[in-house]
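> The structure is given below, and queries will be raised subsequently.
Protein chains: 2
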Amino acid sequence: MENQGQGLHGRVLESLGPAITAGAYPPGSVLRTDELEQRFEVSRTVIREAIRVLESMHLVASRRRVGVTVRPTEEWNVYDPQVIRWRLAGADRPRQLRSLTVLRSAVEPVAAGLSARLATAEQCEELTRHALGMVATSRGQQLSAYLVHDVAFHRVILRASGNEMFARLGDVVAEVLTGRTEHQVMFTDPDPAAVTLHVRVAEAVRERDAARAEALTREITAGAMAELDVLAP
Amino acid sequence: MENQGQGLHGRVLESLGPAITAGAYPPGSVLRTDELEQRFEVSRTVIREAIRVLESMHLVASRRRVGVTVRPTEEWNVYDPQVIRWRLAGADRPRQLRSLTVLRSAVEPVAAGLSARLATAEQCEELTRHALGMVATSRGQQLSAYLVHDVAFHRVILRASGNEMFARLGDVVAEVLTGRTEHQVMFTDPDPAAVTLHVRVAEAVRERDAARAEALTREITAGAMAELDVLAP
DNA sequence: TGTGACTCAAACGTCATACTTAATTTGCCG
DNA sequence: CGGCAAATTAAGTATGACGTTTGAGTCACA
Numbered sequence: 049m050e051n052q053g054q055g056l057h058g059r060v061l062e063s064l065g066p067a068i069t070a071g072a073y074p075p076g077s078v079l080r081t082d083e084l085e086q087r088f089e090v091s092r093t094v095i096r097e098a099i100r101v102l103e104s105m106h107l108v109a110s111r112r113r114v115g116v117t118v119r120p121t122e123e124w125n126v127y128d129p130q131v132i133r134w135r136l137a138g139a140d141r142p143r144q145l146r147s148l149t150v151l152r153s154a155v156e157p158v159a160a161g162l163s164a165r166l167a168t169a170e171q172c173e174e175l176t177r178h179a180l181g182m183v184a185t186s187r188g189q190q191l192s193a194y195l196v197h198d199v200a201f202h203r204v205i206l207r208a209s210g211n212e213m214f215a216r217l218g219d220v221v222a223e224v225l226t227g228r229t230e231h232q233v234m235f236t237d238p239d240p241a242a243v244t245l246h247v248r249v250a251e252a253v254r255e256r257d258a259a260r261a262e263a264l265t266r267e268i269t270a271g272a273m274a275e276l277d278v279l280a281p
Numbered sequence: 049m050e051n052q053g054q055g056l057h058g059r060v061l062e063s064l065g066p067a068i069t070a071g072a073y074p075p076g077s078v079l080r081t082d083e084l085e086q087r088f089e090v091s092r093t094v095i096r097e098a099i100r101v102l103e104s105m106h107l108v109a110s111r112r113r114v115g116v117t118v119r120p121t122e123e124w125n126v127y128d129p130q131v132i133r134w135r136l137a138g139a140d141r142p143r144q145l146r147s148l149t150v151l152r153s154a155v156e157p158v159a160a161g162l163s164a165r166l167a168t169a170e171q172c173e174e175l176t177r178h179a180l181g182m183v184a185t186s187r188g189q190q191l192s193a194y195l196v197h198d199v200a201f202h203r204v205i206l207r208a209s210g211n212e213m214f215a216r217l218g219d220v221v222a223e224v225l226t227g228r229t230e231h232q233v234m235f236t237d238p239d240p241a242a243v244t245l246h247v248r249v250a251e252a253v254r255e256r257d258a259a260r261a262e263a264l265t266r267e268i269t270a271g272a273m274a275e276l277d278v279l280a281p
C-alpha cells in the first residue's frame, strides 16, 4: 500500500496521475514539459521521469514537436495498481468500484475452486481462522477489526489458488473492501448471511470440495454486487 | 501490439525487461546505473528513465547507496501488457500461458454472460460474422485466417461486456491465442467442437440468453485449458 | 571483548545547460 | 493552387556538478 512517493518525480506523479485519471486533462490534452517544470518548480529530469512512468501506464503519449498528450481512457493500463488507486481516490470512483466488483465476481469463485484443490494445510487453517474472526467481530461496531479478517480471508483465497494473476488481485480486493467499509455507514454491522458464507467457504476448501467452494464464493460476490447496486448512484 | 521502442530508453527497456522477467537477474540482484550506462553506451538520463519504468512495473526497486535491486516475482505487475509480452517471449512462457488461460477461464464466461445482456445489435452482428468466419476457415490449413476471426470474436465478447477491466484483456487473449497458433503444429485444423461452441455463443448472445452464453463460453475456456494440458510440459 | 557513536564513501537523486532529432508549420517558388 | 524546402518548436540525449541518503567500517570507551 506504500506509495512510491519517494523523490521529487514521485511527488509529480502523485499530482499528475490523479489529475489525469480524474479527467482534469481530457484525452487529447497536451502537457508541455517546460510548463510542468515551472508549475512544479523542479528540473526537467524530474518531469521527464514522471512522464516516462505515465507513458508506461499508457495514460499519456509523448511525441516530438507536439508535447505529451493524454490518451483516451480505453487505452489506460487499468490493471496498474497505481492507476486503480488514483481512480478509486478520484471522481471515477463509482465506476471503478463497479468494474472491480464485476472482476471480483468473475475471478474469486474460480480462485476459490482452485484453492479447494491446492490450498496447503496451513492456508486452510488461516482461512478458517479468518472466517471465525469475521464471525467474532461481526456484531457491535467492530467494523475495522472485521475488515482485517475479511481482507485477509480473500487474500488467502486468491493466493492459495496457485495462480499468480489471481494472487496479484489481492491488493485490489483489499482496496475495494476497505473502500466499501470506509464509505458505508459505519454503524451497520456486516450482513450475517455474508459472514456465514465465508465460514462455509472455509469449510468447503478444507474438505476439498471445489464445486461447493466456487458456488459459495459466487454467492459472496453476488452479494457484493447487489450491495453496490443499493449504495451506488 | 506496437512496442514503445521509440528512443534509446525504449531500447534499454526492451533489453532489460525481458532479461529480468526471464530470470537472468535473480531477485535481489543489483544493477548499478553507471554499469548499465557503459554496457548500453548511453547516458545516465536514458538509463534512469528506463529504470523508472521498470520501477513502476515493480520489477525493480531503486535505493540510494545500494543500487537498483530486482524485486521478487510475487511483486511484479503481472498485468502490465509489456510484462506479459516479455514473459510470453521468454523462458517463463509455459507458466505465463497457464496463468493467462486460467484467468481467461474465469473472466470470459462472465464477460459472455454480460454481453448477452448488454451487446448492441452491431456487436451481435460482429459476433455472428466472426463465428461464421471461424467455421469457414476451420478446414484446410487456413489457420492464420481462422486466428483472425477467433481473436476478433473474443475481443468483441470482452468489449461488449461493458466492463473496462474485461475489455482491456482483449490484447492478452489475443496474445494467448496467437501464441497458441504459432506454437501449435501448423497443420492440425482447429477442433470442430470448439468452432461449433463459438457459433452457439454468438447465438446465445443474440438471443439474450446470458446463462447459456456463460455456460457455453465456460466450455470453450475449459477446452483451452485441456488443450494446454496436452501440449505443455 | 563488545557495544556504541562517529566518520566516510558509494550510489542514487537533482539540477543546469548545451546539443540533437524529428515533426509541424510556414512560406517560397514553380 | 500545389508541392517542396526551410524555419521553428518541443521532446530526446549527453554531460558535468552537486546534494542526499545510507550502509559499512572505524575508533573510542566501558
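The listed protein sequences correspond, in order, to chains H and R. Using the working numbering, the letters of the first sequence correspond one by one to residues 49 to 281. Using the working numbering, the letters of the second sequence correspond one by one to residues 49 to 281. We put the CB at the ideal spot given by N, CA and C, even for glycine.
Please tell me whether Val150 of chain R has its Cβ less than 9 Å away from any Cβ of chain H.
So yes, Val150 of chain R belongs to the interface.
> For Val118 of chain R, list the residues DSSP reports as bridge partners.
DSSP, once it has assigned bridges, lists R:Val108 as partnering Val118 of chain R.
> Thinking just about the alpha-carbon of each residue, which of R:Asp82, R:Pro238, R:Glu262, R:Ala67 is nearest to the one in Leu206 of chain R?
Among R:Asp82, R:Pro238, R:Glu262, R:Ala67, the Cα nearest to that of Leu206 of chain R is on R:Glu262.
> Can you tell me whether Gln189 of chain R is buried or exposed? The criterion is at least 16 other CB atoms within 10 Å of its CB, across all chains shown.
Exposed, since its Cβ has fewer than 16 Cβ neighbours within 10 Å.
> Using 9 Å as the limit for Cβ to Cβ distance, is Thr93 of chain H near chain R?
Yes, Thr93 of chain H lies at the interface with chain R (some Cβ there is under 9 Å from its Cβ).
> Alpha carbon to alpha carbon, what distance is there between Gln144 of chain H and Leu180 of chain R?
For Leu180 of chain R and Gln144 of chain H, the distance between alpha carbons rounds to 35 Å.
> Kindly indicate which residue of H:Val101, H:Arg187, H:Val204 has the alpha-carbon position closest to the one of Leu175 of chain H.
Looking at the Cα atoms, H:Val204 is the closest of the given residues.
> Put Leu56 of chain R into one of helix, strand or coil per three-state DSSP.
DSSP places Leu56 of chain R in helix when its eight states are reduced to three.
> Please report how far the alpha carbon of Ala193 of chain R lies from the alpha carbon of Leu217 of chain R, in whole angstroms.
Taking the straight line joining both Cα atoms gives about 21 Å.
> Please name the residue, chosen from R:Met213, R:Asp198, R:Tyr127, that lies closest to Leu148 of chain R on a Cα-to-Cα basis.
Leu148 of chain R has its Cα closest to that of R:Tyr127, out of R:Met213, R:Asp198, R:Tyr127.
> Would you give the residue range spanned by the alpha helix (DSSP H) that Arg152 of chain H belongs to?
Per DSSP, Arg152 of chain H belongs to the alpha helix (DSSP H) from 141–166.
> Residues in the same chain with beta-carbon distance under 7 Å from Phe214 of chain R, minus the five sequence neighbours each way, listed in chain order, please.
So the list reads Val155, Ala159, Leu206, once near-sequence residues are dropped.
> Looking only at C-alpha atoms, which of H:Thr269, H:Met105, H:Ala270, H:Ala274 sits nearest to Trp134 of chain H?
Selected option, being the one with the closest Cα: H:Met105.
> Take Leu225 of chain R and list the residues in its own chain whose beta-carbon comes closer than 8 Å to its own, dropping the five residues that flank it on each side.
Cβ neighbours of Leu225 of chain R beyond the five flanking positions: Leu195, Asp198, Val199, His202.
> Quick one: which chain R residues come within Cβ less than 7 Å of Tyr73 of chain H?
Those do not exist, as Tyr73 of chain H stays about 19 Å from chain R at its closest Cβ, beyond 7 Å.
> Tell me, which residues are paired with Leu264 of chain H by DSSP?
According to DSSP, Leu264 of chain H bridges with nothing at all.
> What does a CB cutoff of less than 6 Å around Ser209 of chain R pick up in its chain, not counting 5 residues either side in sequence?
These residues qualify, in order along the chain: Ala159, Leu162, Ser163.
> Please confirm whether Ser163 of chain R has its beta-carbon closer than 9 Å to some beta-carbon of chain H.
Output row for Ser163 of chain R: interface = no.
> Output the boundary residues of the alpha helix (DSSP H) element that contains Tyr194 of chain H.
From DSSP, the alpha helix (DSSP H) with Tyr194 of chain H extends over 191–208.
> When the distance is taken between beta carbons, is Gly55 of chain R closer than 9 Å to Arg141 of chain R?
No, the pair does not count as a contact, with Cβ atoms beyond the cut-off.
> Answer yes or no: does any C-beta atom of chain R fall closer than 9 Å to that of Pro273 of chain H?
A quick correction: the sequence has Met, not Pro, at residue 273 of chain H. False, the Cβ-Cβ gap to chain R never drops below 9 Å.
> Restricting to Cα atoms, I'd like to know which of H:Thr265, H:Asp257, H:Ser186 is closest to Leu245 of chain H.
The candidate whose alpha carbon is nearest that of Leu245 of chain H is H:Thr265.
> Locate the alpha helix (DSSP H) running through Ala70 of chain R, then write down its first and last residues.
Where Ala70 of chain R is concerned, there is no enclosing alpha helix (DSSP H), given that its DSSP letter is neither H nor E.
> Measuring straight from C-alpha to C-alpha, what distance separates Met182 of chain H and Ala272 of chain H?
In a straight line, the C-alpha of Met182 of chain H is about 16 Å away from that of Ala272 of chain H.
> On the DSSP letters alone, give me the boundaries of the alpha helix (DSSP H) that Trp134 of chain H sits inside.
Element bounds for Trp134 of chain H: 129–137.
> Which bits of chain R does Asp128 of chain H rub up against, with CB to CB less than 9 Å?
Those are Ser104, Met105, Asn125, Tyr127, Asp128, listed as they occur along chain R.
> Under 6 Å Cβ to Cβ from Gly65 of chain R, same chain only, skipping five residues before and after it: list those, please.
Within the same chain, Gly65 of chain R has close Cβ partners Trp134.
> Taking C-beta pairs closer than 7 Å, name the residues in chain R that Arg96 of chain H reaches, listed in chain order.
Those are Glu97, listed as they occur along chain R.
> At the level of alpha carbons, what is the spacing between Val243 of chain H and Arg165 of chain H?
In a straight line, the C-alpha of Val243 of chain H is about 23 Å away from that of Arg165 of chain H.
> Put Val78 of chain H into one of helix, strand or coil per three-state DSSP.
The answer is strand: DSSP assigns Val78 of chain H an E or B state.
> When you compare the CB of Met182 of chain H with every CB in chain R, is at least one pair closer than 9 Å?
Not closer than 9 Å to any Cβ of chain R, the Cβ of Met182 of chain H fails to qualify, so no.
> Please identify the residue among H:Glu255, H:Thr269, H:Val150, H:Ile268 whose C-alpha is closest to the C-alpha of Gln287 of chain H.
Given a span of 49 to 281 for chain H in the structure shown, any question on residue 287 of chain H remains unanswerable.
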